[in-house]
Amino acid sequence: MNTGHATTGHATTGHATTGRPPGRDPAALLLTALRDADISVVASLPDSWLSPLLTAVDADARMRHVKVTREDDALGVAAGVALAGGLGAVVCQNAGLLVGANALAGYTHLHELPLLVVAAQRGDVDDGFYYQAYKGRVVPPVLDALGVPYHRMRGGADPGLVTAAAGQARLHRRPVVLLLDRESLLGEAAR
Amino acid sequence: MRRLTLARTVAAALTADDIVICSLGSAGRAWREAAAPNLTYYASDPMGMAPSLALGFALARPGDRVTLIEGDGDLAMNLGVLAAIAGAAPPNLRVVVFANGRYETGGGQTLAGRLDLAAAAKACGWERAESPPEDAGEADVADAVRRMYAAGGPAMVVQAVEPEASPYPEAGRWSQAEDKAVFQRELAAREQLGGRS
Numbered sequence: 001m002n003t004g005h006a007t008t009g010h011a012t013t014g015h016a017t018t019g020r021p022p023g024r025d026p027a028a029l030l031l032t033a034l035r036d037a038d039i040s041v042v043a044s045l046p047d048s049w050l051s052p053l054l055t056a057v058d059a060d061a062r063m064r065h066v067k068v069t070r071e072d073d074a075l076g077v078a079a080g081v082a083l084a085g086g087l088g089a090v091v092c093q094n095a096g097l098l099v100g101a102n103a104l105a106g107y108t109h110l111h112e113l114p115l116l117v118v119a120a121q122r123g124d125v126d127d128g129f130y131y132q133a134y135k136g137r138v139v140p141p142v143l144d145a146l147g148v149p150y151h152r153m154r155g156g157a158d159p160g161l162v163t164a165a166a167g168q169a170r171l172h173r174r175p176v177v178l179l180l181d182r183e184s185l186l187g188e189a190a191r
Numbered sequence: 001m002r003r004l005t006l007a008r009t010v011a012a013a014l015t016a017d018d019i020v021i022c023s024l025g026s027a028g029r030a031w032r033e034a035a036a037p038n039l040t041y042y043a044s045d046p047m048g049m050a051p052s053l054a055l056g057f058a059l060a061r062p063g064d065r066v067t068l069i070e071g072d073g074d075l076a077m078n079l080g081v082l083a084a085i086a087g088a089a090p091p092n093l094r095v096v097v098f099a100n101g102r103y104e105t106g107g108g109q110t111l112a113g114r115l116d117l118a119a120a121a122k123a124c125g126w127e128r129a130e131s132p133p134e135d136a137g138e139a140d141v142a143d144a145v146r147r148m149y150a151a152g153g154p155a156m157v158v159q160a161v162e163p164e165a166s167p168y169p170e171a172g173r174w175s176q177a178e179d180k181a182v183f184q185r186e187l188a189a190r191e192q193l194g195g196r197s
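Just so you know, the protein sequences line up as chains A and B, in that order. The first sequence runs 1 to 191 under the working numbering. The second sequence runs 1 to 197 under the working numbering.
Next up, the structure:
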């Protein structure tokens, strides 16, 4: 397998830390970036860090917000949007990518259907809960094993990275994952 | 009822512009055997993912009526999707479940439990989910399919079909990604013709 994805994931670490306007609402920035990427269907399962973003998606009449009961269904919904020629987004906690591993692998290697995942990267250095820790350790190497490109967003919401990842998904005809830290999702409230 | 009879019954209820998505397994093979002219995507693996794929597709193409040809084994793998579809409530999605009570391609092993999938759909909030009796005749099943299309979506017919051996077919010549490309090119050609076939 091409293990370049590991490089991809780590090489983009820190990409998000420059050029952002300070103090702006990260949910609004991320929502605008999703819209700018021509994404109008968002399938989700919640996480406390995702609450502002999901509230913003719900409040935007241009967004179709699909609530699912398992993350693999969110991936399926986004893949269906791709089959129709568009690009859909999944918003979930990183553990949802473990639930959705078979779907991610199938859409990456079998169907080649693009979609964008915006995932809360729980269990990293900014997360104070022991029960979340395994997710931070396990999810990146699982994505590497699945051959799914991923990029870290750290230190604040980075709309440019959302746009770039959506473009990569379309170009590569594959799912692309963004793993967002606490500040990228909650902004100053995370401090 | 034989599964090919059910596939032909559904095919007879479709218009030329209807789009079909098939789950993996014997239901999809029955649909292929029925040789309906409709644009069809055979979703293949991962198992359990066809309903959400059809949901996303239907939401992205609100002007097209979409029918999912589904197996009861595929749906049993992921009953939660019934709630997701009920919540999103796409008016253009219909689902026909071929219910043989077993994993036909896998060797005929029976499903867990005593599933009443129409009842499960209703419990999840579907407005219409009908399950004609196991011994229903062709005319009665055709009526149920017509009622499904006459209702607002999402709507479902769950029809018991006879167990019929369905061993693995020969490996296909084209990959799913290649089939997807053909499907998407046909969709694009429709749009160039004004959105319809």
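All residues carry an ideal CB built from backbone N, CA and C; glycine is no exception.
- prompt: How long is the line joining the alpha carbons of A/GLU112 and B/TYR103, rounded to whole angstroms?
  reply: 27 Å
task: Using a Cβ-Cβ cut-off of less than 8 Å, list which residues of the segment 78-96 of chain B approach chain A; keep chain order.
output: ASN78, GLY80, VAL81, ALA83, ALA84, GLY87 and ALA88
query: In the segment 113-124 of chain B, which residues sit with their C-beta less than 7 Å from some C-beta in chain A, listed in chain order?
result: none
- prompt: How is A/GLN132 classed by DSSP in three states: helix, strand or coil?
  reply: DSSP places A/GLN132 within a helical segment (H, G or I) once states are collapsed to three.
query: Would you report the Cα separation of B/TRP174 and B/TYR168, rounded to the nearest angstrom?
result: 16 Å
field: Below-8 Å beta-carbon distance, A/LEU179 vs any chain B residue
entry: no
query: Going by the beta-carbon positions, is the gap between A/LEU180 and A/ALA95 smaller than 8 Å?
result: no
Where A/PRO22 falls: helix, strand or coil (DSSP): Because the pLDDT of A/PRO22 is 48, which lies under 50, any placement of that residue in the model is unreliable, and the number read from its coordinates should be weighed accordingly. Here A/PRO22 sits in coil by DSSP.
message: Any beta carbon from chain A within less than 8 Å of B/PHE57's own beta carbon?
response: yes
query: CB-CB under 6 Å to B/VAL157, same chain, minus the five flanking residues each way: which ones, in chain order?
result: VAL96, GLU130, ALA144, VAL145 and MET148
task: Could you tell me whether the segment 148-167 of chain A touches the segment 62-81 of chain A, using the rule of 3 or more Cβ pairs below 8 Å?
output: no
Cα-Cα separation between B/PHE57 and A/VAL138, rounded to whole angstroms: 31 Å
message: Quick check on A/TYR131: buried or exposed, where buried means 16 or more other Cβ atoms within 10 Å of its Cβ?
response: exposed
field: Which of helix, strand or coil DSSP assigns to A/PRO193
entry: The displayed coordinates of chain A run from 1 to 191. Any statement about residue 193 of chain A would go beyond what the structure contains.
- prompt: How about A/ALA61: is its C-beta nearer than 8 Å to some C-beta of chain B?
  reply: no
Cβ-based contacts, 9 Å cut-off: residues of the segment 79-103 of chain A near chain B: Flagged, chain order: ALA79, GLY80, VAL81, ALA82, LEU83, ALA84, GLY85, GLY86, GLY88, ASN102 and ALA103.
query: Is the shortest distance between the beta-carbon of B/GLN184 and the beta-carbons of chain A less than 8 Å?
result: Closer than 8 Å: yes.
task: Using 10 angstroms around the beta-carbon of B/PHE98, count the other beta-carbons present and answer buried if the total reaches 16, otherwise exposed.
output: buried
task: Determine whether the Cβ of A/THR69 lies closer than 8 Å to any Cβ atom of chain B.
output: yes
message: Counting only C-beta atoms, is B/MET49 closer than 8 Å to chain A at any point?
response: yes
- prompt: For A/MET153, which of helix, strand or coil comes out of DSSP?
  reply: strand
query: Buried or exposed: B/GLU70, going by 16 or more other Cβ atoms within 10 Å of its Cβ?
result: buried
- prompt: What does a CB cutoff of less than 7 Å around B/ASP18 pick up in its chain, not counting 5 residues either side in sequence?
  reply: ASN38, ARG65 and THR67
message: I need the straight-line Cα distance from B/ALA177 to B/ALA60, nearest angstrom please.
response: 19 Å
- prompt: Nearest to B/CYS22 by alpha carbon, out of B/ALA112, B/LEU75 and B/MET1?
  reply: B/LEU75
- request: Examine chain B for any beta-carbon lying closer than 8 Å to the beta-carbon of A/PRO22, and answer yes or no.
  value: Its pLDDT being 48, under 50, A/PRO22 is placed unreliably by the model, and nothing is read from it.
field: Nearest-angstrom Cβ-Cβ length linking A/THR69 and B/ALA84, presumed shorter than 8 Å
entry: 6 Å
message: Any beta carbon of chain B sitting closer than 8 Å to that of A/ARG174?
response: no
Span of the alpha helix (DSSP H) around B/THR5: 3-13
- request: Under 8 Å between beta-carbons, which chain B residues line up against A/VAL66? List them in chain order, please.
  value: Here the neighbours are LEU55, GLY56, LEU59, ALA84, GLY87 and ALA88.
- prompt: Near B/ALA11, which residues of its chain fall below 6 Å by C-beta distance, leaving aside the five closest residues on each side in sequence?
  reply: ALA34 and ALA36
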